[in-house]
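Participant: One structure, as structure tokens, below. Some questions next.
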Amino acid sequence: MSLFVIAYYTLLLGASCLAAYFNKRSAFLLLFSLTLVSFVLGIIGGVSALRIVAILAGLLALSAMVSYAFREFLIAIASKNLAKELRTAPLTAAFGMFVIFTVAVAGIFAPLIAPHGEAEVITSAFAPADANMLLGADQLGRDIFSRLVYGARNTVALALAGTVMAFLLGALAGLMAATSGGWFDQFLARTSDVIMSIPSLIFALLMLSIFGGDLANDTTSFWLLSAFTGITGLLLVSAIAERSVIAWVIGLAVLAGVAALFGGLMLTIFNPSEIILILVVAVIYSPRVFRLTRAVAGNVVVMDYIEAAKLRGERKWYLIRREILPNSTAPLIAEFGLEFCFVFLLIAGLSFLGLGIQPPTADWGSMVRENATLISFGDITPLIPAAAIALLTVAVNFVVDWMLYRSSGLKV
Amino acid sequence: MGDILGLVVKRLGLGLIILLVISVIIFFMVELLPGDIAQAVLGQGATPENLAALRKEMGLDQPALVRYLHWLAGAVTLDFGNSIVTGASVAETIGERFANTLFLAAYAAAIAVPISIVLGVLVALLRNSIFDRVANVATLTSISSPEFFLGYILILYLAVKTGMFPAIASLSNDMSFGDLLYRTFLPALTLVLVVTAHMMRMTRAAIINLLASPYIEMARLKGAPPWKVIVKHALPNAWAPIINVVALNLAYLITGVVLVEVVFVYPGIGQALVDAVSKRDFPVVQACCLIFAATFILLNLAADVGSILTNPRLRHPK
Numbered sequence: 012m013s014l015f016v017i018a019y020y021t022l023l024l025g026a027s028c029l030a031a032y033f034n035k036r037s038a039f040l041l042l043f044s045l046t047l048v049s050f051v052l053g054i055i056g057g058v059s060a061l062r063i064v065a066i067l068a069g070l071l072a073l074s075a076m077v078s079y080a081f082r083e084f085l086i087a088i089a090s091k092n093l094a095k096e097l098r099t100a101p102l103t104a105a106f107g108m109f110v111i112f113t114v115a116v117a118g119i120f121a122p123l124i125a126p127h128g129e130a131e132v133i134t135s136a137f138a139p140a141d142a143n144m145l146l147g148a149d150q151l152g153r154d155i156f157s158r159l160v161y162g163a164r165n166t167v168a169l170a171l172a173g174t175v176m177a178f179l180l181g182a183l184a185g186l187m188a189a190t191s192g193g194w195f196d197q198f199l200a201r202t203s204d205v206i207m208s209i210p211s212l213i214f215a216l217l218m219l220s221i222f223g224g225d226l227a228n229d230t231t232s233f234w235l236l237s238a239f240t241g242i243t244g245l246l247l248v249s250a251i252a253e254r255s256v257i258a259w260v261i262g263l264a265v266l267a268g269v270a271a272l273f274g275g276l277m278l279t280i281f282n283p284s285e286i287i288l289i290l291v292v293a294v295i296y297s298p299r300v301f302r303l304t305r306a307v308a309g310n311v312v313v314m315d316y317i318e319a320a321k322l323r324g325e326r327k328w329y330l331i332r333r334e335i336l337p338n339s340t341a342p343l344i345a346e347f348g349l350e351f352c353f354v355f356l357l358i359a360g361l362s363f364l365g366l367g368i369q370p371p372t373a374d375w376g377s378m379v380r381e382n383a384t385l386i387s388f389g390d391i392t393p394l395i396p397a398a399a400i401a402l403l404t405v406a407v408n409f410v411v412d413w414m415l416y417r418s419s420g421l422k423v
Numbered sequence: 003m004g005d006i007l008g009l010v011v012k013r014l015g016l017g018l019i020i021l022l023v024i025s026v027i028i029f030f031m032v033e034l035l036p037g038d039i040a041q042a043v044l045g046q047g048a049t050p051e052n053l054a055a056l057r058k059e060m061g062l063d064q065p066a067l068v069r070y071l072h073w074l075a076g077a078v079t080l081d082f083g084n085s086i087v088t089g090a091s092v093a094e095t096i097g098e099r100f101a102n103t104l105f106l107a108a109y110a111a112a113i114a115v116p117i118s119i120v121l122g123v124l125v126a127l128l129r130n131s132i133f134d135r136v137a138n139v140a141t142l143t144s145i146s147s148p149e150f151f152l153g154y155i156l157i158l159y160l161a162v163k164t165g166m167f168p169a170i171a172s173l174s175n176d177m178s179f180g181d182l183l184y185r186t187f188l189p190a191l192t193l194v195l196v197v198t199a200h201m202m203r204m205t206r207a208a209i210i211n212l213l214a215s216p217y218i219e220m221a222r223l224k225g226a227p228p229w230k231v232i233v234k235h236a237l238p239n240a241w242a243p244i245i246n247v248v249a250l251n252l253a254y255l256i257t258g259v260v261l262v263e264v265v266f267v268y269p270g271i272g273q274a275l276v277d278a279v280s281k282r283d284f285p286v287v288q289a290c291c292l293i294f295a296a297t298f299i300l301l302n303l304a305a306d307v308g309s310i311l312t313n314p315r316l317r318h319p320k
């Protein structure tokens, strides 16, 4: 019996006794079941297994403390109404917000935080960690920590761009379908049914096999992007202009300008193959957004106040903007978070397969693939970017979970 | 019974139509390529004679619609043409791999389905307790992790550090069934972890939904013992949502398998698809996509039909 084991059981049993004494039933149940599990684990796995449990519990306690402090911090700096909402956030949601905040800071200030450049070769391949390199070097001798920080920028920016585009198209189409009804609604619904009946990863692979290679050049990606923006814009213009010819002409002119500007802007930020990836993701996930928006908006459209607004002679765009959207924000925001998770995981998976973000751009998915050989030597380095992917997805999911709980009023 | 049969036939017909539309998408997407497949295969530096020869060989001189019908007729009889890269028959290359993939998916499902349904029902009965909350966080974490993360963790701890299982799932024909199960345990376990989490959450939601219905309340109020409420009142109505959950997650397994196969170098159809995509071997890509989509639709159909058949209200029409 080492000192560690004695201290371990004393602490656990003491804590469960305290919990029982102060009538904290759930805490007692958790602590005592952990004690019982530890007996079994200790017999099977020995001291090292108990050590892992202790480390995990320590990490859990640490993240709980960080989340608690972060929530209090947010409450302190937020306005009065927002603070009231934040007080209802469970610790998991606070933890999620903290992780999102950290990744956002890492991504935005990447060049300032990272000690080395994104593609800068500084030492020999797979050099171990030292004072200069926190996590060692990768297969080409680049600093893994710096690449991780840059990866936060590249991967998340790409996923965010894909989600925003999928969301704009899907939500606009859903709102239009719900307000217009008829053949337009049916057509969009059947189209989305077909797209959704192909598994997303498979559809992505199919599209990437076609638009990869030579086709991933500036011109093609610009035109594809413009086509996508054009379709989204057409929905918007038709919602605003309705039957007025002048409004259509002005709208189309503005749309052409915006599409060209947007295409140029995207091309300066991302390279062509990344734009193709964004478009693929947007095409795959917009039907999901469409379906949800259509369902949510469909529930609002049948309300009496919509009928009243229609009788007042309000236009479609007014109905969407002032009546439907304010009454469906909560599920839509939650959906945005969920879509982001799906998109993020899809892009990470594609990059892991070597078909997503291309080297030398630092990206979490491809970093796992590049360093995977280290696993067979018992090194955990390739797990770090994978863990980063998992952590961010969990974080977003935690926040979404809280929002869904609040918006649905599910107090089961 | 006539009503149910009609409903089932209607669903099957709908599934067939969707599959047809998808085959159109898969085929004509490749047609979007500027030039044609021959151009894409030979690249920019191809001589006109080479191009013409290849076009003739692949039948590209015929109109697209004719080729589509030809391809579709082939696909129905499991003949997907020849690979561009190796020249071998696509059906032969991926046939055995598809069987391997099905084996892996079935293996994972056989472990995951019973565990997740039992756990899901248990968590639903213990809802809002500390166990429910721990399970919620654990399943959410498992869902959010990419498959390759779980896979590499398992490789690191169960294969490299302790050496309990092989890290690479290499198969050969003369392996005994037990050996096969042992060698493919890690990829199957990875899939189990992801799918169990999904299924548990969905089962929990379905059961909680059910327990909130008035007839359960009524059964409790009339003094039925708890086990009887579950077995006699809740379970008959719970089959439909549970079958739905299982089928949907089996469909999910089919896609999850791609990443897992790559991590464990498992000789399945997912790996074949990824290789074909990076080599731009279109006949193989088309065949794999069609197979995956067909399986996906089939499982979704099974979910629909299963929930129709187990719905007591439909089985005993008024």
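Here the protein sequences line up with chains A and B, keeping their order. Per my numbering, the first sequence runs over residues 12 to 423. Per my numbering, the second sequence runs over residues 3 to 320. Idealized CB from N, CA, C, for every residue including glycine. Source: prediction; values computed, not measured.
Just the C-alpha distance for residue 424(A) and residue 162(A), rounded to the nearest angstrom, thanks.
Facilitator: Given that chain A is displayed from residue 12 to residue 423, the structure contains no residue 424(A) and the question cannot be resolved.
Participant: Which residues of chain B have a Cβ atom closer than 9 Å to the Cβ of residue 412(A), listed in chain order?
Facilitator: Here the neighbours are 138 and 142.
Participant: Within 10 angstroms of its Cβ, does residue 252(A) collect 16 or more other Cβ (buried), or is it exposed?
Facilitator: Per the 10 Å Cβ criterion, buried.
Participant: Any beta carbon from chain B within less than 8 Å of residue 232(A)'s own beta carbon?
Facilitator: Judged by the 8 Å Cβ criterion, residue 232(A) is not in contact with chain B.
Participant: Exposed or buried, residue 334(A), counting other C-beta atoms within 10 Å across all chains shown (16 or more means buried)?
Facilitator: It is buried - the Cβ of residue 334(A) has at least 16 other Cβ atoms within 10 Å.
Participant: Output the distance between the C-alpha atoms of residue 315(B) and residue 28(B), rounded to the nearest integer angstrom.
Facilitator: For residue 315(B) and residue 28(B), the distance between alpha carbons rounds to 39 Å.
Participant: What residues are listed by DSSP as bridge partners for residue 2(B)?
Facilitator: An answer regarding residue 2(B) cannot be provided, because it is not within the stretch 3 to 320 covered by chain B.
Participant: Compare the C-alpha of residue 233(A) against each of 341(A), 46(A), 279(A) and 64(A) and name the closest.
Facilitator: It is 279(A).
Participant: Of all the options 263(A), 44(A), 317(A) and 229(A), which has the alpha carbon lying nearest to the alpha carbon of residue 275(A)?
Facilitator: Selected option, being the one with the closest Cα: 229(A).
Participant: What are the residues in the segment 154-166 of chain B lying within 9 Å of chain A by C-beta distance?
Facilitator: Answer in chain order: 154, 155, 157, 158, 161, 162 and 163.
Participant: Could you check what DSSP says for residue 153(A) in three-state terms: helix, strand or coil?
Facilitator: Strand at residue 153(A).
Participant: For residue 41(A), return the contacting residues in chain B, with the cut-off set at a CB-CB distance below 8 Å.
Facilitator: Ordered by position in chain B, the residues that pass the 8 Å Cβ test against residue 41(A) are 132 and 136.
Participant: Per DSSP, what kind of secondary structure is residue 215(A) in: helix, strand or coil?
Facilitator: DSSP places residue 215(A) in helix when its eight states are reduced to three.
Participant: Grouping DSSP H, G and I as helix and E and B as strand, with all else coil, what is residue 132(A)?
Facilitator: Of the three classes helix, strand and coil, the one that applies to residue 132(A) here is strand, per DSSP.
Participant: What in chain B is Cβ-close to residue 393(A), meaning under 8 Å?
Facilitator: What residue 393(A) touches in chain B: 154.
Participant: Answer yes or no: does any C-beta atom of chain A fall closer than 8 Å to that of residue 110(B)?
Facilitator: Residue 110(B) does not count as touching chain A.
Participant: Which complete alpha helix (DSSP H) runs does the segment 217-295 of chain A hold, if anything under 4 residues is left out?
Facilitator: If we require 4 residues or more, the alpha helix (DSSP H) runs fully inside the segment 217-295 of chain A come out as 229-252 and 256-280.
Participant: How close, in whole Å, do the beta carbons of residue 208(B) and residue 247(B) come, if the pair is a contact with beta carbons under 8 Å?
Facilitator: The Cβ separation is near 6 Å, so the contact holds.
Participant: Using only CA atoms, which one of 160(A), 376(A) and 37(A) lies nearest to residue 124(A)?
Facilitator: Closest option to residue 124(A), Cα to Cα, is 160(A).
Participant: Ordered along the chain, which non-local residues of its own chain (more than five positions away) have a Cβ less than 8 Å from that of residue 298(B)?
Facilitator: So the qualifying residues of the chain are 253, 256 and 257.
Participant: With 16 as the cutoff for other CB atoms within 10 Å, does residue 197(A) come out buried or exposed?
Facilitator: Exposed is the call here.
Participant: If you run the structure through DSSP and keep just helix, strand and coil, what is residue 140(A)?
Facilitator: Reduced to three states, the DSSP call for residue 140(A) is coil.
Participant: Compare the C-beta of residue 423(A) against all C-beta atoms of chain B and say whether one is closer than 8 Å.
Facilitator: Confidence in residue 423(A) is poor, its pLDDT being 36 and thus under 50, which makes the residue's placement unreliable; the coordinate value appears in the next sentence. Cβ-Cβ to chain B under 8 Å: yes for residue 423(A).
Participant: Going straight from the alpha carbon of residue 156(A) to that of residue 263(A), what length do you get?
Facilitator: Distance between the alpha carbons of residue 156(A) and residue 263(A): 47 Å.
Participant: What does residue 229(A) touch in chain B if you count any residue whose Cβ is under 9 Å from its own?
Facilitator: Residues of chain B passing the Cβ test: none, with the nearest at roughly 15 Å.
Participant: According to DSSP, which residues form a beta bridge with residue 148(A)?
Facilitator: Paired residue(s): 154(A).
Participant: In chain order, what residues of the same chain have a beta carbon less than 7 Å from the beta carbon of residue 375(A), not counting five sequence neighbours either side?
Facilitator: For residue 375(A), where only same-chain residues beyond five positions count, the Cβ hits under 7 Å are 162, 166, 359, 396, 399 and 400.
Participant: In three-state terms, what does DSSP make of residue 374(A)?
Facilitator: DSSP places residue 374(A) in coil when its eight states are reduced to three.
Participant: Specify, as a first and last residue, the run of the alpha helix (DSSP H) that residue 54(A) falls within.
Facilitator: Note, residue 54(A): alpha helix (DSSP H), 36-88.
Participant: Does the segment 169-176 of chain B touch the segment 263-273 of chain B, meaning 3 or more C-beta pairs lie closer than 8 Å?
Facilitator: Yes: the two stretches touch, three or more of their Cβ pairs being nearer than 8 Å.
Participant: Mapping DSSP to helix, strand and coil, what is residue 128(B)?
Facilitator: Correct three-state label for residue 128(B): coil.
Participant: Indicate whether at least one CB of chain B lies closer than 8 Å to the CB of residue 34(A).
Facilitator: Not one chain B Cβ lies under 8 Å of residue 34(A).
Participant: For residue 257(B), return the contacting residues in chain A, with the cut-off set at a CB-CB distance below 9 Å.
Facilitator: Those within 9 Å of residue 257(B) in chain A are 210, 211, 212 and 213.
Participant: Distance, Cα to Cα, residue 118(A) vs residue 404(A)?
Facilitator: Spanning the two alpha carbons is a distance of roughly 15 Å.
Participant: Could one say the Cβ of residue 172(B) lies closer than 8 Å to chain A's Cβ atoms, at least one of them?
Facilitator: No, because no Cβ of chain A sits closer than 8 Å to the Cβ of residue 172(B).
Participant: Flag residue 112(A) as yes if its beta-carbon sits less than 8 Å from any beta-carbon of chain B, otherwise no.
Facilitator: Output row for residue 112(A): interface = no.
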